[in-house]
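Undergrad: Under the working numbering, residues 411 to 627 are what the sequence shown spells out, in order.
I am attaching a structure below and will ask some questions about it afterwards.
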Amino acid sequence: MKIDSDLGKDLEQYLLSHSSAEDEILYELNRYTHLTSLQPRMLSGPIQGKFLQLICEMLKPSRVLEIGTYTGYSAISMARGLNPGAELHTIEINDEVLETAKLFVAKANLSSIIQFHLGDALDIIPKIHGFFDLALIDGDKRQYPQYLHAVIPRIKVGGIIIADNVLWSGKVLLEKPDDSYTKGVMEFNEIVSANKKLDKVVLPLRDGLTLIRKIAE
């Protein structure tokens, strides 16, 4: 994930100061990720994290799927909003960042809620049985179209899919993108837009979030 550079530092600080502050565990995870990671901007951050928590508090999903754990910020944020008995399955292909996520999930006392899966999401999703009420897509941008095709059949009618980085630093406006990441995001956006069984809205939150509701099989 990337911080939306168009906001500007002052406006970003304004948003932070008028939103609920991240708790102690998330603050520590945020700082730790920035100190130890080569790509700290992939972290969701407090504004997006609070958005995901509130979505979970409002929807009350019993089963959540996340593609792209990274260091665990979004998983912890969503788990904070879940009711007792709910479960969150999160998939990450990088074993090093997954260990960080496990460490902070344990610190947050959420190990009984969050289940970790190491590997390629396209291989793992078929092995996780049952349906989901909510899914967050935030993995390899080149595979966004494939993630969508894998997730849609596993979401209940009325369920929600959230996709991150759908504006991809504005590169979605390019007429002829020359990299596979941008092409993946743009193809994903077109598939979602054309699917009449999905109700959707693109939100200009950070690097763009698409909120999708499955309205029919």
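Glycine residues also receive a C-beta, built at the ideal position from the N, C-alpha and C atoms.
Should Ser430 go down as buried or exposed, given a rule of 16 or more other Cβ atoms within 10 Å for buried?
TA: Result: exposed.
Undergrad: Classify His444: buried if its beta carbon has 16 or more other beta carbons within 10 angstroms, exposed otherwise.
TA: Burial call: exposed.
Undergrad: Is Ala511 closer than 9 Å to Tyr557 when the C-beta atoms are compared?
TA: Their beta carbons are not under 9 Å apart, which means Tyr557 does not touch Ala511 by this criterion.
Undergrad: Please say whether Pro456 and Leu436 have beta carbons closer to each other than 9 Å?
TA: Yes. Within cutoff.
Undergrad: If we ignore side chains and look at the alpha-carbon of each, how far apart do Lys607 and Gly418 end up?
TA: Approximately 37 Å, taken between the alpha carbons.
Undergrad: Using a Cβ-Cβ cutoff of less than 6 Å, which residues in the same chain neighbour Leu577 once the five nearest sequence positions on both sides are dropped?
TA: The residues are Asp617 and Gly618.
Undergrad: Terminal residues of the continuous beta strand (DSSP E) containing Arg623?
TA: Run containing Arg623: Leu619 to Lys624, per the beta strand (DSSP E) assignment.
Undergrad: Report buried or exposed for Asp631, applying the criterion of at least 16 other Cβ atoms within 10 angstroms of its Cβ.
TA: What is shown of the chain runs 411 to 627, which leaves residue 631 out entirely.
Undergrad: Thinking C-alpha only, which one of His539, Leu508, Ala489 and Ala545 is nearest Ser522?
TA: Checking every option, the nearest Cα to that of Ser522 belongs to Ala489.
Undergrad: Select from Pro494, Leu469, Glu502 and Glu476 the residue whose C-alpha is nearest the C-alpha of Gly568.
TA: When only C-alpha atoms are compared, the closest one is Leu469.
Undergrad: Counting only the same chain and skipping the five closest in sequence on each side, list residues whose C-beta sits under 8 Å from that of Glu476.
TA: Only Ser484, Ala485, Met488, Leu498, His499, Thr500, Ile501, Ala545, Leu546 and Asp548 meet the Cβ criterion.
Undergrad: Straight-line CA distance for Ile465 to Leu584?
TA: For Ile465 and Leu584, the distance between alpha carbons rounds to 31 Å.
Undergrad: Please classify Asp589: does DSSP put it in a helix, a strand, or coil?
TA: In this structure, Asp589 counts as coil in the three-state DSSP scheme.
Undergrad: Measuring CB to CB, does Val561 end up less than 9 Å from Ile535?
TA: Yes.
Undergrad: Identify the continuous beta strand (DSSP E) that holds Phe542 and give its terminal residues.
TA: Phe542 to Ile547 is the extent of the beta strand (DSSP E) around Phe542.
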